[in-house]
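> Residue numbers (our numbering): 1 to 563.
Here a beta-carbon is modelled for each residue, glycine too, at the ideal position from N, C-alpha and C.
Only a predicted model underlies this, so the values are computations on that prediction, with no experimental measurement involved.
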């Protein structure tokens, strides 16, 4: 949206928080970055120590830790103790929403020991991992074996547990679906201390389908078996610039991976990886990748780009150069490609450290990037946290592929946030209706990108300060999020709940389907033991009374109203 077209808004008076945020880079450079680097290094040493142990030893430790969890759960007195939560401190979570539910009285169970890769099974093509294993750890172990998780979320710090219980996506999701769709089995400790293995075709199949998006409110995840795929050493990445209006950019994005003849399962027509970045209302860069061997990458004339080096330009800025120099192709080492957005946290790094993308900073201090999100949260008080909720947007809008153009126009009109990240993902037609589900009858519409068994969706990633805020104008962030949520409900879209949500209970269950989730909560004894997913996701502080009353109330009334 140009300045001439931008709605006239009054200027906002600056307050003390504005100046603190403006100069927060001082705290980040001298405190957050050094501590972050130290923690990253210590975590790496812990991963190395774990890898030195045999799978048998890791399994033995896992079994002992599971017994401790079971024992701890059985120590809980339901009439005296609060609801069960993990012992992880609220600020450690990578998500943006406030973990206010832990301010109510709760019964803590420590899962901090569950951070080992238990097995990489080449025969079954499955990795069995504990919930605190993160993406950097698993890719470091698997990629040298020419294996990878089918979906590897971009940021190193994202954990298996968070991606399963919450939300996870990558550039391969147009083939494999969301992260949770690649899970073969869950090992869950139920409310009564029973340990079960849930798969899609055993007696716990209902639990298997209910776990994704449940935010850990059905049981405690202690391990998961996740699909592996064979990979090659490099990613052959094509950068294609596109100029046009937002609807034209959306169609170019769709055409980059979805054949118009509907042959969506043909590997010769569909790339291995897809993402698009929309830099403003007229310019975008479409990126498509295919795995390539070391021999192919090193052929004469081919360009190899080690994007993982600390001094390299940030990936989103590197991709943007295609708008000036035109379409180009390069080869990126596979693991470095997976984590291409880690160093700059997509483009959020520009807000945190405005000069961190400059060549001199990258050379001198780039090796300490990125700051840990958990430390950034730990070093902000209530006022700054509220400031970011009002003046900053970190949201993902999951929308049907054919509505991407409408979503882009909505974001441009209501938020003016750029760049915008586009990443497609399949939403599978499952035997049961889960919390997120495709549009009824989609398979009869034969839209571009859809198949008979899955509807193609897109994550429209909106991460940055809105245009009005950058211009110093009044902006109501909470109201903008509420309007976004209403738009998603009207368009069969979904909002990942790692983000700040303004949904009330009625609207929450209009966006998500409650039936299977509530069935599993009752069947497996979660009611009265674990907080409900709505109250865990709800913005604001949760008093003990509010949480307990919500658990005891007959929530069916709210769900009936949502129908």
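State the CB to CB distance for the pair residue 151 and residue 170, rounded to an integer number of angstroms; the pair is presumed to be in contact (CB under 8 Å).
The Cβ separation is near 5 Å, so the contact holds.
> Is it the case that the segment 196–205 contacts the segment 412–429, given that we only count it when at least three CB pairs across the two stretches are under 8 Å?
Contact fails: fewer than three Cβ-Cβ distances are below 8 Å.
> Which one of 25, 83, 461 and 114 has the shortest CA to CA distance from residue 47?
114
> Could you pull out every residue in the same chain whose Cβ sits closer than 7 Å to the Cβ of residue 332, ignoring the five residues on either side in sequence?
234, 235, 237, 305 and 307
> Assuming residue 217 and residue 531 make a contact with CB atoms under 8 Å, what is their CB distance in whole Å?
6 Å
> Is it a yes or a no for the segment 354–362 touching the segment 264–271, going by three-plus beta-carbon pairs under 8 Å?
Contact between the segment 354–362 and the segment 264–271 is absent: fewer than 3 CB-CB pairs across the two stretches fall below 8 Å.
> Between residue 578 and the rest of its own chain, which residues show a CB-CB distance below 8 Å, the 5 nearest in sequence each way excluded?
Any property of residue 578 remains undetermined from this structure, which presents the chain solely from 1 to 563.
> Would the beta-carbon of residue 347 fall within 8 Å of that of residue 464?
Between residue 347 and residue 464, the C-beta spacing is below 8 Å.
> Should residue 527 and residue 517 be called a contact, given that it needs their Cβ atoms to be closer than 8 Å?
Not in contact: residue 527 and residue 517 (Cβ atoms no closer than 8 Å).
> For the alpha helix (DSSP H) containing residue 214, name the first residue and the last one.
Taken as a continuous stretch (DSSP letters only), residue 214 belongs to no alpha helix (DSSP H), as it is neither H nor E.
> For residue 148, report the span of its beta strand (DSSP E) as first-last.
147–149
> List the DSSP bridge partners of residue 135.
Answer is none; residue 135 lacks a bridge partner.
> So, for residue 343: in the same chain, excluding its five sequence neighbours on each side, which residues have a beta-carbon less than 6 Å away from its beta-carbon?
369 and 370
> Have a look at residue 382 and residue 413 and give me their C-alpha separation to the nearest angstrom.
30 Å
> Please state whether the Cβ-Cβ distance between residue 240 and residue 270 is less than 8 Å.
Pairing residue 240 with residue 270 gives a Cβ-Cβ distance that is not under 8 Å.
> Please classify residue 444 as buried or exposed, where buried requires at least 16 other C-beta atoms within 10 Å of its C-beta.
exposed
> Are the CB atoms of residue 130 and residue 222 nearer to each other than 8 Å?
yes
> Is the distance from the Cβ of residue 256 to the Cβ of residue 282 below 8 Å?
no
> Excluding sequence positions up to five away, which residues of its chain have a Cβ less than 7 Å from the Cβ of residue 268?
Annotation for residue 268: no residue places its beta carbon closer than 7 Å to its own, counting only its chain and skipping 5 residues before and after.
> Taking three-plus beta-carbon pairs below 8 Å as touching, is the segment 131–146 in contact with the segment 159–179?
yes
> Under 8 Å between C-beta atoms, does residue 408 make it to chain D?
Structure shown: chain D not included; a single protein chain is present.
> Who are the near neighbours of residue 396 in its chain, counting only those whose CB is closer than 6 Å to its CB and skipping five residues on each side?
Once the five neighbours on either side are set aside, the close Cβ partners of residue 396 are 459, 461 and 496.
> With a CB to CB cut of under 7 Å and the five nearest residues on each side skipped, what residues in its chain are close to residue 91?
Here residue 91 scores only 48 on pLDDT, less than 50, and its place in the model should not be relied on; the value that follows carries that caveat. Contacts found: 374, 377 and 378.
> Compute the Euclidean distance between the alpha carbons of residue 136 and residue 13, then round it to the nearest angstrom.
42 Å
> Using a Cβ-Cβ cut-off of 7 Å (strictly less than) and excluding sequence neighbours within five positions of residue 341, which residues of its own chain qualify?
Closer than 7 Å at Cβ, skipping near neighbours: 154, 155 and 315.
> I need the DSSP call for residue 283, collapsed to helix, strand or coil.
Residue 283 falls in the strand class under three-state DSSP.
> In angstroms, rounded to a whole number, what distance separates the CA positions of residue 11 and residue 21?
18 Å
> Can the beta-carbon of residue 250 be found closer than 8 Å to that of residue 405?
yes
> Roughly how many angstroms separate the alpha carbons of residue 86 and residue 490, rounded to a whole number?
35 Å
> Using DSSP with H/G/I as helix, E/B as strand and the rest coil, what is residue 43?
helix
> I need the straight-line Cα distance from residue 322 to residue 278, nearest angstrom please.
Their Cα atoms are separated by approximately 12 Å.
> In three-state terms, what does DSSP make of residue 397?
strand
> Kindly provide the ranges of any beta strand (DSSP E) runs that are 3 or more residues long and lie completely inside the segment 307–344, ordered along the chain.
328–333
> Is it the case that the Cβ atoms of residue 184 and residue 226 are separated by a distance below 8 Å?
yes
> Run through DSSP, which three-state label would residue 178 get?
coil
> Taking residue 155 as part of the beta strand (DSSP E), name the residues at either end of that continuous run.
No beta strand (DSSP E) holds residue 155; DSSP gives it neither H nor E.
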